[in-house]
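Colleague: Before anything else, here's the structure in question.
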Amino acid sequence: MIKCIAIDDEFLALEIIENYVSKCPFLELAGTFSSPLEALPLLNECGCDLLLLDINMPEVNGMDFLSAIPNPPLVVLTTAYPQFALAGFEAGVVDYLVKPFSFERFLKAIQKAQSRLAPRPAGGTGYLFVRSAHRMIRVDLDDILMLEGKKDYVAVHTQTQVIDTLTTLTAFQDKLPVKDFVRVHRSFIVALNKINTIERNVIYMGDKKVPVGEMFREDLLRRIG
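Laid out in structure tokens, this is it:
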């Protein structure tokens, strides 16, 4: 069961989300709010697994609210403004729904959240198949050091090789268990258990150095405790 909260200043938008959530037996809507400030007590006291968040609201902008939450849940942005999509994905949101969105598109976003919340299989390390050229290469999650986003592909750095695959860093992030990997820069996702040292805005992983983006630093420090 995924516990979610919806925040939107439009009553009709909240009504649509309630209707969509009611069709998903694995979703529990813990509350709906027309203002981020109204939602704060519930977020602070009980928390949730998923936040369905509008961006353009009169009291507090959704992106500003998200950056102010010390321990944010997974977030799906729901907005009529597609121009904020890049900023949303850079902030690590699960998905970006442009209003009006269908139930099918809503469900796709929820399934992305499910994949991030799903526990690793008992007794197994977990793995992904990565397409490189004309091959599908199996990569064990425990072997991944980091993922580096290039202009039009992602370089998957493992302990023994580097695999280039034609995809985006955000698309790859959706496939990784959120408890094991963290985005630390617009161009880098790293495996938490492979970090050796963090010095100022640089992560050291063996002989590799990874920069830490300012907007990702707080989440990284929270994740490592």
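Each residue of the sequence shown is one higher than the one before, starting from 1 at the first, in the UniProt record's numbering.
No residue lacks a Cβ here, since even glycine has one placed at the ideal position from N, Cα and C.
Since the structure is predicted, the reported quantities are computational estimates derived from the model, not experimental observations.
Figure out for me which residue from 221, 82, 38 and 167 has the closest Cα to the Cα of residue 201.
Modeller: Ranking the options by Cα distance to residue 201, first place goes to 221.
Colleague: Can you tell me whether residue 130 is helix, strand or coil according to DSSP?
Modeller: It is a strand residue.
Colleague: Only counting the same chain, and skipping five residues up and downstream in sequence, which positions put a Cβ closer than 6 angstroms to that of residue 62?
Modeller: Once the five neighbours on either side are set aside, the close Cβ partners of residue 62 are 53, 54 and 55.
Colleague: Quick check: the Cα distance between residue 10 and residue 130, rounded to an integer number of angstroms?
Modeller: Computed Cα separation, rounded: 41 angstroms.
Colleague: Could you name each continuous alpha helix (DSSP H) segment of 4 residues or more that falls completely within the UniProt domain "Response regulatory" (3-114), going from the start of the chain to the end?
Modeller: Runs of the alpha helix (DSSP H) inside the UniProt domain "Response regulatory" (3-114): 11-22, 36-45, 62-68 and 85-90.
Colleague: Can you tell me where the beta strand (DSSP E) with residue 147 in it begins and where it stops?
Modeller: Unbroken beta strand (DSSP E) run through residue 147: 144-149.
Colleague: Given a cut-off of 7 angstroms, decide if residue 203 and residue 195 are closer than it, judged by their beta-carbon atoms.
Modeller: Yes, these two residues count as a Cβ contact at 7 angstroms.
Colleague: Is it right to say residue 80 is buried, meaning 16 or more other beta carbons lie within 10 angstroms of its own, or is it exposed?
Modeller: Looking at its Cβ environment, which holds fewer than 16 other Cβ atoms inside 10 Å, residue 80 is exposed.
Colleague: Using alpha carbons as the reference points, say which of 166, 95 and 112 lies closest to residue 177.
Modeller: Residue 112 is the option with its Cα nearest to residue 177.
Colleague: Could you tell me if residue 171 is buried or exposed, where buried requires 16 or more neighbouring beta carbons within 10 angstroms of its beta carbon?
Modeller: Exposed, by the Cβ-count rule.
Colleague: Can you check whether the CB of residue 73 is closer than 7 angstroms to the CB of residue 98?
Modeller: No, Cβ-Cβ distance for residue 98 and residue 73 is not below 7 angstroms.
Colleague: Considering residue 170, what are the terminal residues of the alpha helix (DSSP H) in which it resides?
Modeller: That run of the alpha helix (DSSP H) goes 169-173.
Colleague: Please report the straight-line C-alpha distance between residue 210 and residue 145, rounded to a whole angstrom.
Modeller: In a straight line, the C-alpha of residue 210 is about 11 angstroms away from that of residue 145.
Colleague: Starting from residue 135, trace the beta strand (DSSP E) both ways and give me its first and last residue.
Modeller: Unbroken beta strand (DSSP E) run through residue 135: 135-140.
Colleague: Could you round the C-beta distance between residue 6 and residue 14 to whole angstroms and report it? I think they count as a contact, below 8 angstroms.
Modeller: Rounded, the Cβ-Cβ distance is 6 angstroms, consistent with contact.
Colleague: Please report the residue range of the alpha helix (DSSP H) in which residue 217 lies.
Modeller: First-last of the alpha helix (DSSP H) with residue 217: 214-223.
Colleague: Residues in the same chain with beta-carbon distance under 7 angstroms from residue 95, minus the five sequence neighbours each way, listed in chain order, please.
Modeller: So the qualifying residues of the chain are 76, 109 and 112.
Colleague: Taking the Cβ atom as the reference point for each residue, do residue 3 and residue 39 lie within a distance shorter than 7 angstroms?
Modeller: The answer is no: Cβ separation not under 7 angstroms.
Colleague: Please go through the same chain and pick out, in chain order, the residues whose beta-carbon is closer than 6 angstroms to the beta-carbon of residue 32, but skip the five residues on each side of it.
Modeller: Correct list, in chain order: 6 and 14.
Colleague: Would residue 90 and residue 223 qualify as a contact pair, given that the criterion is a beta-carbon distance under 7 angstroms?
Modeller: Cβ distance not < 7 angstroms, so residue 90 and residue 223 don't count as in contact.
Colleague: Spatial neighbours of residue 160 within its chain, please: C-beta separation below 8 angstroms, excluding the five flanking residues on both sides.
Modeller: Result list for residue 160: 143, in chain order.
Colleague: How about residue 36 and residue 21: do their beta carbons lie closer than 7 angstroms?
Modeller: It is not a contact, given that the beta carbons lie outside the stated cut-off.
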